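Following the working numbering, the numbering of the sequence shown begins with -9 at its first residue and continues without gaps.
The beta carbon of each residue, even a glycine, is placed where N, CA and C say it ideally should be.
The structure displayed is predicted, hence computed values, not measured ones.
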Amino acid sequence: MHELLVATHNRGKLREYRDLLPDWHILSLRDVGLGGFEVVETASTFHENALLKARGYGRASGLLTLADDSGLVVDVLDGAPGVYSARYGGAGLDDGGRRRYLLEQLRGVPLEQRRARFVCVTVLYDPARDVWAQAEGVCEGLVLPEERDEGQGFGYDPLFQPDGYALSFGQLPAEVKHAISHRGRAAAQIPALLKQLGF
Ligand code: ITT
């Protein structure tokens, strides 16, 4: 089995990549002794931040590395929280606090104006040759007026209802989320990315 470092401090993302890439021996940052190391996301696009993370953690580990930059883009908020999804509402909030903050920003906005999409950019980086390839996945839907959760998912999942479904990502089984999600769609392109990199 080939080894791949999934370079994230987000446990929800790590769990999803373990599901999405069953043929890989997935290593976490903690597994490789980088649990306390953080690449700072200084860029303003998903693509640039994903590349910063893939290169930073790839160089630090010397391993084939996957990094993911993702977030929720809400039309009526001019694209917020977007690349700032992990810091929305200020440092110090947890996932629940960020969801409450988002609901507050959308208070009184009718359902038909709550259009949003999850975006995920995945970068694979090979530090041995300093080469990388990237894929993007998008999932369209809307931000619900209240949380709907059955413990599935993480982050903004209890507030996001994908198009074509009457349940939130916090309620849908993981396999259903993976089949249609931004991350699932980006991960489906990983075989092509590996080919691009000459593996
Ligand atoms: P790493 O940078 O270490 O990977 P992070 O959580 O900071 O971890 P991002 O900068 O990419 O990652 O921020 C992503 C944000 O978007 C974060 O708040 C997530 O909770 C949220 N998010 C991304 N994908 C999601 C998903 O599938 N479901 C719910 N929320 C998601």
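Where residue i falls, given that 16 or more other Cβ within 10 Å makes a residue buried
i           : result
residue 131 : buried
residue 74  : exposed
residue 191 : Outside the displayed range of the chain (-9 to 189) lies residue 191, so it cannot be described from this structure.
residue 52  : exposed
residue 87  : exposed
residue 59  : buried
residue 57  : buried
residue 172 : buried
CB contact check: residue i to chain C, cutoff 9 Å
i           : result
residue 152 : Among the chains in the structure shown there is no chain C, since it carries only a single protein chain.
Backbone secondary structure at residue i - three-state DSSP
i           : result
residue 102 : helix
residue 154 : coil
residue 11  : coil
residue 107 : strand
residue 42  : helix
residue 94  : helix
residue 171 : coil
residue 160 : coil
residue 57  : strand
residue 71  : strand
residue 22  : coil
From the options, residue whose alpha carbon lies closest to that of residue i
i          : options             : result
residue 78 : 69, 92 and 68       : 92
residue -4 : 16, 187, 146 and 71 : 16
Residues near residue i by beta carbon distance below 7 Å, same chain, minus five either side
i          : result
residue 0  : none
residue 63 : 69, 72, 106, 107 and 109
residue 9  : 164 and 168
residue 49 : 117
Close beta carbons around residue i, own chain, < 6 Å, minus the five adjacent residues each side
i          : result
residue 41 : 113
residue 18 : 4
Inset, instruction - Check whether the stretch 113 to 120 touches the stretch 134 to 141, taking contact to mean three or more Cβ pairs, one atom from each stretch, closer than 8 Å. - result: no
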